[in-house]
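K.L.:
These protein sequences, in sequence, are chains A and B. Letter by letter, the first sequence follows residues 0 to 212 in numbering that gives the first Met the number 0. Letter by letter, the second sequence follows residues 0 to 212 in numbering that gives the first Met the number 0. Just so you know, even glycine gets a beta-carbon here, dropped at the ideal spot from N, CA and C.
Number of protein chains: 2
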Amino acid sequence: MQGPKEYSEKEEKIFRAAIEEFAENGKQGARMHAIADHVGCNKALVHYYFRNKERLYEEVFDFLFSRFFITVHNAITDAPTFEETLTRFVDEFTDFLEEFGPYPILMLKEMDMDSKKKRFERIKEQTGMGPMSLFREKMEQAVERGEIRDLDVRQTFMSIMGECTYLFIAFPVLSLSNPEAAKHKKEIIEERKQHIIDLIYNGLKNKGLNNRQ
Amino acid sequence: MQGPKEYSEKEEKIFRAAIEEFAENGKQGARMHAIADHVGCNKALVHYYFRNKERLYEEVFDFLFSRFFITVHNAITDAPTFEETLTRFVDEFTDFLEEFGPYPILMLKEMDMDSKKKRFERIKEQTGMGPMSLFREKMEQAVERGEIRDLDVRQTFMSIMGECTYLFIAFPVLSLSNPEAAKHKKEIIEERKQHIIDLIYNGLKNKGLNNRQ
DNA sequence: GTCTATATCTCGATAGAC
DNA sequence: GTCTATCGAGATATAGAC
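1. Straight-line CA distance for A:MET131 to A:ILE168?
2. Helix, strand or coil for A:ILE147, going by three-state DSSP, please let me know.
3. Return the first residue and the last residue of the alpha helix (DSSP H) that A:THR93 is part of.
4. Note down the Cα distance separating A:GLU186 from B:GLY127, rounded to an integer number of angstroms.
5. Start and end of the alpha helix (DSSP H) containing B:ALA181?
6. In the DSSP output, which residue or residues are listed as bridge partners for B:LYS204?
7. How about A:ILE219 and A:VAL59: do their beta carbons lie closer than 8 Å?
8. Enumerate, from N- to C-terminal direction, the unbroken alpha helix (DSSP H) stretches of 4 or more residues contained entirely within the segment 28 to 75 of chain B.
9. Of all Cβ atoms in chain A, is any one closer than 8 Å to the Cβ of B:ASN209?
10. Quick one: which residues of the segment 13 to 46 of chain B get their C-beta closer than 8 Å to a C-beta of chain A? List them in chain order.
11. Beta-carbon separation of B:ILE122 and B:PHE62 under 8 Å?
12. Run the CB neighbour count on A:PRO103, radius 10 Å, all protein chains shown included, and call it buried at 16 or more, exposed below.
13. State the DSSP-derived secondary structure class of B:MET131, mapped to helix, strand or coil.
14. Determine the closest residue to B:ARG194 out of B:VAL172, B:ILE159, B:LEU173, B:LYS182, with distance taken between C-alpha atoms.
15. Does DSSP classify A:SER114 as helix, strand or coil?
16. With burial defined as no fewer than 16 other Cβ atoms inside 10 Å of the residue's Cβ, what is the status of A:TYR165: buried or exposed?
17. How many Å lie between B:THR84 and A:ASP111 at the Cα?
18. Would a check of beta-carbon distances place A:LYS116 closer than 8 Å to chain B?
19. Under 8 Å Cβ to Cβ from B:ARG153, same chain only, skipping five residues before and after it: list those, please.
20. Cβ closer than 7 Å: which chain B residues qualify as neighbours of A:GLY161?
21. Using the rule of at least 16 other Cβ atoms within 10 Å of the residue's Cβ for burial, across every protein chain shown, is B:ASN41 buried or exposed?
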């Protein structure tokens, strides 16, 4: 994992710890001393590198947000079938969630509209077409060649994102009925990917007029 | 909306405000004075009724958690087709999320395993069979009568929950590209319900051997 | 039950030695 | 760059009048 700018080794460690701490406890719940402890240094050093909590949070937010955006963007590629496009998308987005947890998604609530809009625009400039437009393109092509049904693009996009994200939200509850879930996390994640691809692709697939009620 | 115990009028108002405040800002981010302000009373009164922040939070958690559990439980009913079972489930669960936001779901992360397990068991006693077992029953019946495919129950359950929940997580982002989203929230929610039911049911439906690749 | 005033505490932030 | 010590803001919590 790389930070957004060039970080010294210590700085990088602090930044990583900050990502974890914010992800675990939210903006307000995060504790500067917890970040310091995790790295094995003093609070003052965290302030030395990142000035204050607000700036540190913003830097973490920017990093995660652009990572998220770029991941989703890159995950939508050309492929001969929409099934393959979907497979790659679910695969890469889930891997992203595995690395950073569902927090990058949940963070979006914590920013005021203006900041969000600004950051959104800035990243869009860097990556060209937004993820949604890209996804729309692939879906519409698949509809045209008769592979899938003509469903609302936004809704479908939300469905995929939701199915992927939910595993990581529900994991603590999953662990209740299956205490060893944490051990088999990798396996569970791979199973989940397959299920999502199967269920969604089947839901989208065009089965011809006589099969559509 | 009813509180878990018998509340006096004022107590109930404070409790409601607390739900909102915790939902908006998380456990640590919530402010006692914000709750008091919202009700139009003094901080001291909040303490008078609920002793301290920790207890208040736990009471809110318990209330939301059992509401969630009971909603999901009641939403899974007998119906001649699985499509109807699914429709009712998506409808009721989404309404629950509309009322309380995605927070009840996210709160599950904030409790330690032991408390969670205890609360889980307690509610299970009250409601009899857990939601998952109920859902399993309905799905297996539908598989037997050839209505739907034989997919993993847990996975399918997660898929539905995820698709429903995500709208409320993504809403702040939705509002970015569509500033009037907040105004049409009701409409958007109803559209989303329809999409979810359509996509999932189509994904589950058994199309006969020759249509299964 | 409800308020004002205040005590107590937690945590972010800074000063200053090394 | 890194630490110790400490300040000060802001929040929770309590005491005590009404």
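P.N.:
Based on what the coordinates show:
1. 23 Å
2. strand
3. 81 to 99
4. 31 Å
5. Note, B:ALA181: premise wrong, no alpha helix (DSSP H); not H, not E.
6. B:ILE147
7. Absent from the model: residue 219 of chain A. The displayed extent of chain A is 0 to 212, so no value can be given.
8. 31 to 38, 42 to 49, 52 to 74
9. With a pLDDT of 46 at B:ASN209, under the threshold of 50, the predicted position of this residue should be treated as unreliable, though the coordinate-derived value follows. By this cut-off, B:ASN209 is not an interface position.
10. ASN24, GLY25, LYS26, GLN27, GLY28
11. no
12. buried
13. helix
14. The displayed chain sequence assigns His, not Arg, to residue 194 of chain B. It is B:ILE159 whose Cα lies nearest to the Cα of B:HIS194.
15. helix
16. buried
17. 39 Å
18. yes
19. MET131
20. GLY161, GLU162, THR164, TYR165
21. exposed
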